[in-house]
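Protein sequence lines correspond, in order, to chains L and R. Counting from 707, one number per residue, gives the positions in the first sequence under the numbering used here. Counting from 707, one number per residue, gives the positions in the second sequence under the numbering used here. We put the CB at the ideal spot given by N, CA and C, even for glycine. Just so we're clear, the structure is a prediction, and the values are computed from it rather than from any experiment.
There are 2 protein chains.
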Amino acid sequence: MVDYQSSVAPYRQVAAILRGKIERGEYEPGQRLPSVNDLVQEYGIARTTAAKTLRLLVTEGLAEMSPGMGFYVKAG
Amino acid sequence: MVDYQSSVAPYRQVAAILRGKIERGEYEPGQRLPSVNDLVQEYGIARTTAAKTLRLLVTEGLAEMSPGMGFYVKAG
DNA sequence: TCACATTTGTACGTATGTATC
DNA sequence: AGATACATACGTACAAATGTG
């Protein structure tokens, strides 16, 4: 769950969590990340917010998007 | 309503009102405070002034801000 | 090939606060 | 005080790709 009392934007909070899991190897390269809907349910955020989280990881070079399939941990 | 004849700055006047409501429990911990726009309409002040009011409460440790969501009464 | 439902991500409109002039 | 641009959120509705039969 995200902390709406925090001054850190929810989409950044969730991104930080996923980033941590990627770095710890809980999500390995090539593996699929949670979908937008998964994040909505897991963290209680809006679809738009969840999508923004995943796009942020793409921007950071940590993930790649495959249309219709979802987001994957980027290799290398 | 604020008193523009007063030597107390409008943003402090409104902050005092909100502070009173928080202390009396009219706004409970975790509850959302009026938005900037709410304050603009309720007290006839400018957006900038209303925002300053809410940020003052944050500075005082009475409230917390969440991007895109608003201000909340701080717990504890 | 062809629907069709499901799953996936996207766009839009509205609301929230911030920063700057 | 007012105007504008920005960042962020929510909910709804939409569009694209998948996979199944």
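Interface with chain R (8 angstroms Cβ-Cβ cutoff): Y710 of chain L is included. DSSP links Y778 of chain R through a beta bridge to R:R738 and R:E770. V779 of chain R and T765 of chain R have their C-alpha atoms some 12 angstroms from each other. In the structure shown, the three-state DSSP call for E729 of chain R is helix. For P716 of chain R, the number of other beta carbons within 10 angstroms of its own is at least 16, and it is reported as buried. The shortest CA-to-CA distance from K727 of chain R to any of R:A769, R:M775 and R:G774 is the one to R:A769. Assignment of Y749 of chain L by DSSP, reduced to helix, strand and coil, places it in the helix class. Contact between G782 of chain L and L739 of chain L is absent: CB atoms are separated by about 16 angstroms, not below the 8 angstroms threshold. When the five nearest sequence neighbours on each side are left out, the beta carbons in the same chain lying within less than 8 angstroms of the beta carbon of G750 of chain R are those of M707 and V708, in order along the chain.
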